[in-house]
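Taking it in order: structure first as structure tokens, then the write-up.
Protein chains in written order, with our numbering: chain A, 308 to 678; chain B, 101 to 414.
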């Protein structure tokens, strides 16, 4: 009951009731549109290629080198769940009095441009996950103030969205979705999917789509689907994982893991955090701030408790936790898989631990167990 | 049999012999990865798994990383030239027992960086093989290897392992000097004015997300309790700019006289931070001050632990 009432609070960005509209946006007008959006008071954040990375950055000169094709190193979750943020500040005033200053709500309006389908879907997973038991007010505030403009991508060998009931032109999670119709057509097919998306459409930059545009959009979507060549069967993952909880398979698979944080820090659906206080003492008076910062279940001490108990002391247990959380616990609790196939965990894993490989092996071992 | 198939057969035979002669409890080698341009570190403890081990120009991981958790076991490990220098340093640092190790060495002309391959092929579906000079895609398309190697391979001067019990295949002809100056990137930074240098590193470290992969992948980062673990209080999880500088500076200094430039730290960084440039600078200073290079001499004393009147400062 309680869970249902919490879900109702998300109608502010539910899109089913909105009748979607279509336009085309010529590529040579795209920057002009973004500039005008910026002129209306929005911060425009887009994937910028610099210093050997592609990262989401706020556009200032609008001459930045925007890369819409490549997967970004960091997922756009960093715009809603930054690596660290201040929860509150405190100041010892002396005489036994302490002043507590809560962190300010950021009222900044944002247009997050160039989000790939996998990352936009992942935000919907985070929305559900972060409202299961309590609310993250800073996250809610940022989500409420951000308009997501999705864009079609260039899949690489590590993407696997199509094995998770998705594809590179899935519109879930986007307020506006742009399909890149290629360098010959030199334009985007634009689908407006929500009121918020509609509010930043400027008819001065957009045109009505033709039948040819629509046909090309369909053709492009199909071609992109075929470009994702890493495939595996995820349809029975939840049930098969139920059968393998105590299997020694996890020992072998985790043996080579080096226990860094790459998979979880880059994952668009991971949201675990730690809270720490940073203090300084000046003239005998303490002041400081309480910070919320990224933490992750792949660290050996993540589940270390007072008294020295650590339920996930072994790497096998930690790898199991990551896979089960995404493919077993989340499907059970929020009816969504906690993975949208962005491929970052595989692309950047120093020792090539791969979700498609693991689930394939899980399927095979579960079959053996059943017979 | 192609030259690479010969190497793989030689490797598998050697591994099988080590089990049948009861010389090892466990072997760490390479096996096929999630696509055709990747391999993974693979652990076998049984002769029947010997056939799962492979070797090719995509075996970039340094397997000696796993040795110090296996200190009391009899372990066989597959090493390339760069990896073997780590074993020298692990012996020097008392982290492995030489008598428990069976080192299977292979010379290599270099490892291929998959990111340097052209974009228009599919690592998931295309067949990738190689001959001495080329990577061959789908049996017909040849791409010369020499443009595809990792930078560290082009700068390498130890293509043949410096320590081994078994050598599979031939020794590689060692050039007098490496093909490229290994300190060229460090020299570029040295040419910058101080403020420009600071700006360069601020931009690099800005990218860092403190995933600690660079530390975890380093075979020479074997401290049981690391100063850079946030639980020890020197750096917090909050990854502010000061934390990033402290993390990287401390880690770089800890590589002094030990780093053998295997390049793994820079390879694994998901944000492309130029870690090798920093490590090379320190290595260059050590070479210029003490005439010393890590990873080559099991016996001699480290220049940081001896005092000599000839040391440049005096």
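Even glycine gets a Cβ: it sits at the ideal position worked out from N, Cα and C.
- [ ] Put residue 242/B into one of helix, strand or coil per three-state DSSP.
- [x] In this structure, residue 242/B counts as strand in the three-state DSSP scheme.
Open item on the list: Helix, strand or coil for residue 334/B? Go by DSSP, reduced to three states.
Closed with: coil
Open item on the list: Please list, in chain order, the residues of the stretch 458–471 of chain A that have any C-beta partner in chain B closer than 7 Å.
Closed with: 464
Open item on the list: Suppose you measure from the CA of residue 165/B to the CA of residue 355/A; what does that come to, to the nearest Å?
Closed with: 35 Å
Open item on the list: Can you confirm whether the stretch 399–415 of chain A touches the stretch 425–443 of chain A when touching is taken to mean that 3 or more C-beta pairs between the two stretches lie within less than 8 Å?
Closed with: no
- [ ] Could you check which residue in 546/A, 480/A, 563/A and 473/A has the C-alpha nearest to that of residue 533/A?
- [x] Closest in alpha carbon position to residue 533/A, among 546/A, 480/A, 563/A and 473/A, is 473/A.
Task: Interface positions of the stretch 133–146 of chain B facing chain A (Cβ-Cβ less than 7 Å), listed along the chain - done: 133, 134, 135, 138, 140, 141 and 143
Task: Reduced DSSP secondary structure (H/G/I, E/B, other) of residue 79/B - done: Outside the modelled stretch of chain B, which goes from 101 to 414, sits residue 79/B, for which no answer is possible.
TODO: May I ask you to list the residues that DSSP assigns as paired with residue 356/A?
DONE: 361/A
Task: Pairwise C-alpha distance: residue 382/A and residue 316/A - done: The predicted position of residue 316/A is uncertain, since its pLDDT is 48 and thus under 50; a value taken from the coordinates is nonetheless stated next. Going from the Cα of residue 316/A to the Cα of residue 382/A covers about 25 Å.
Open item on the list: Can you tell me whether residue 325/B is buried or exposed? The criterion is at least 16 other CB atoms within 10 Å of its CB, across all chains shown.
Closed with: By the 10 Å Cβ count, residue 325/B comes out exposed.
Task: Segment limits, alpha helix (DSSP H) that includes residue 528/A - done: 518–534
Task: Every unbroken alpha helix (DSSP H) within the stretch 205–288 of chain B, with a cutoff of 4 residues, ordered by chain - done: List check, alpha helix (DSSP H) in window: 251–254.
- [ ] Please state whether DSSP places residue 395/A in a helix, a strand or coil.
- [x] strand
- [ ] State the Cα-Cα distance for the pair residue 266/B and residue 150/B, rounded to the nearest angstrom.
- [x] Going by the C-alpha atoms only, they are around 16 Å apart.
Task: residue 404/B versus residue 413/A: straight-line alpha-carbon distance, rounded - done: 51 Å
Open item on the list: Measuring only the C-alpha atoms, how far is residue 535/A from residue 545/A?
Closed with: 23 Å
Open item on the list: Let's see if you can read the secondary structure: which residues bound the beta strand (DSSP E) around residue 585/A?
Closed with: 580–589
Open item on the list: Taking a contact to mean a Cβ-Cβ separation below 8 Å, would you say residue 395/B touches residue 185/B in this structure?
Closed with: Residue 185/B is positioned such that its CB atom lies closer than 8 Å to that of residue 395/B.
TODO: Out of 452/A, 506/A and 584/A, state which residue places its alpha-carbon closest to the alpha-carbon of residue 393/A.
DONE: 584/A
- [ ] Can you say whether residue 148/B is buried or exposed, counting buried as having 16 or more other CB atoms within 10 angstroms of its CB?
- [x] exposed
Open item on the list: Using only CA atoms, which one of 564/A, 451/A and 554/A lies nearest to residue 672/A?
Closed with: 554/A
Open item on the list: Measuring straight from C-alpha to C-alpha, what distance separates residue 222/B and residue 467/A?
Closed with: Rounded to the nearest angstrom, the two C-alpha atoms are 14 Å apart.
TODO: Could you tell me the distance, in whole angstroms, from the CA atom of residue 179/B to the CA atom of residue 285/B?
DONE: Cα-Cα distance, rounded: 27 Å.
Open item on the list: Could you tell me which whole alpha helix (DSSP H) segments of length 4 or greater appear in the stretch 129–200 of chain B?
Closed with: With a minimum length of 4 residues, the continuous alpha helix (DSSP H) runs that stay inside the stretch 129–200 of chain B are 181–192.
Task: Check whether residue 327/A and residue 498/A have beta carbons under 8 Å apart - done: In this structure, the beta-carbon distance from residue 327/A to residue 498/A falls below 8 Å.
TODO: Assign residue 240/B to buried or exposed, taking buried as 16 or more other Cβ atoms, counted over all protein chains shown, within 10 Å of its Cβ.
DONE: Classification for residue 240/B: exposed.
Open item on the list: Checking the sheet assignment: what are the DSSP bridge partners for residue 432/A?
Closed with: DSSP output for residue 432/A lists no bridge partner at all.
- [ ] Would you kindly check if the distance between the Cβ of residue 575/A and the Cβ of residue 647/A is under 8 Å?
- [x] yes
Task: Inter-residue Cα distance where the pair is residue 407/B and residue 401/B - done: Straight through space, the alpha carbons of residue 401/B and residue 407/B are spaced by roughly 10 Å.
Open item on the list: With a threshold of 8 Å between beta carbons, is residue 657/A in contact with chain B?
Closed with: yes
Open item on the list: Can you look up residue 613/A in the DSSP assignment and give me helix, strand or coil?
Closed with: coil
Open item on the list: Just to confirm before moving on: does the CB-CB distance between residue 155/B and residue 109/B stay below 8 Å?
Closed with: no
Open item on the list: What does DSSP give as the partner residue(s) for residue 652/A in the beta ladder?
Closed with: Its beta-bridge partners do not exist; DSSP assigns none.
Open item on the list: Please return the same chain residues whose Cβ sits closer than 7 Å to the Cβ of residue 232/B, not counting the five positions on each side in sequence.
Closed with: 103
Open item on the list: Counting only Cβ pairs nearer than 7 Å, list the residues of chain B close to residue 451/A.
Closed with: Those within 7 Å of residue 451/A in chain B number zero; the least Cβ separation is about 25 Å.
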